[in-house]
Amino acid sequence: MVKYIVKDANMLVFVTPHQFMEGICKRLDGKIRTDAEGISLVKGMEVKKEGASMISTLISNQLKINCSVLMGANIANEIAMQKFSEATIGYRENKEAAERWVQLFNTPYFNVTSVQDVEGVEMCGTLKNIVAIAAGFIDGLEMGNNTKSAIMRIGLKEMMAFSKLLFPSVKYSTFFESCGVADLITTCMGGRNRKVAAAYARNGGKRSFDELEAELLKGQKLQGVLTAKEVYEVLTARGWVERFPLFTTVYEISSGLLPPSAIVEFNNKSKL
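Here the sequence shown stands for residues 1 to 272, numbered as in full-length UniProt numbering.
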């Protein structure tokens, strides 16, 4: 079935939970046009023994196609209602391909821009979900807006530092596009990662994320917990754990090693 869907397509859009992407690429291998262009809306990374790589890199390497990325402050139901929002396309070298994607996605209510920074755009879309989990803990514990703002600021700082360490070509300016601080704010205020994390904290960590996901999201998948685990694996492998106390604490809480209240205690360990 898949080969009939993609065999004549010259523009491929990838939108799926990131843990399924490797299998999807294997099914598509050898079945798409050699001149096809891809764009990934997938948040997350692949972490293996040999290191971490982004989903756009997985797509490019397995399918031998150019792959851009699109990320931004885009809550789906608001876009469906044609409420104004923005998004950022990240491209590596092929600006013409990026502009074709801009023309395809851009509408009067959905403003799309492009930047030459695939990894930066993709890291923003990936890491913000970890910060949103932290913001959800704050909401669930009813700690207030001052605390939540502090978590978001520190989270942005760790997002920038981690991205730059992993991919030195990342541009700091990318974090001030829609894919960066705007998406971080939106996700921490109203995204599903925040929603489920708040419920987890209200229950004192006694109900699992899997259970709460099934109850609250009705089939949608949570990305932040898995991403926190993947990022923690990178931090451990590279000896960076103490440099990223917020990311580390989110992982430890979401995996049951610490109580949700520990989210406000991490800063004592900070070495940023």
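All residues carry an ideal CB built from backbone N, CA and C; glycine is no exception.
Secondary structure of F247 (DSSP, three-state): helix. Distances from the CA of E265 to each of T227, M189, A150 were compared; the closest alpha carbon is that of A150. With respect to the 8 Å criterion, A97 and E86 are not classified as neighbours on the basis of their beta carbons.
Taking K31 as reference, the option from P17, L63, G44 with the minimal CA-CA separation is L63. A straight line joining the alpha-carbon of T187 with that of A134 spans about 11 Å.
With a cutoff of 8 Å on beta-carbon distance, S114 and E93 are scored as not near each other. A distance of 8 Å or more separates the beta carbons of L12 and G44. Note on geometry: alpha-carbon atoms of A228 and S173 lie some 24 Å from one another. Counting along the chain, I39 sits inside the beta strand (DSSP E) bounded by residues 37-40. A Cβ-Cβ contact shorter than 8 Å links M123 with V170. Take the alpha-carbon of Q82 and the one of T107: they are about 9 Å apart. Every alpha helix (DSSP H) of 4 residues or more that sits fully in the stretch 8-92 is shown, in chain order, as 21-28, 55-63, 76-80. Less than 8 Å divides the Cβ of L165 from the Cβ of W240.
The Cβ-Cβ distance between F110 and I138 does not fall below 8 Å.
For the set L216, I185, M189, E22, the Cα lying nearest the Cα of Y200 is the one of L216.
One thing to note: R207 has its Cβ no nearer than 8 Å to the Cβ of A132. The alpha helix (DSSP H) runs lying completely inside the stretch 208-242 and spanning 4 residues or more are 209-217, 224-238, given in chain order.
Looking at the backbone, the Cα of G191 and that of G180 are separated by about 15 Å. Note on the stretch 90-139: whole beta strand (DSSP E) runs with a minimum of 3 residues are 110-115, in chain order. Per the C-alpha coordinates, the member of M143, R153, E119, S40 positioned closest to F105 is S40.
The beta carbons of M71 and V112 sit no closer together than 8 Å. When the Cα atoms are used, A36 and D29 turn out to be separated by approximately 12 Å.
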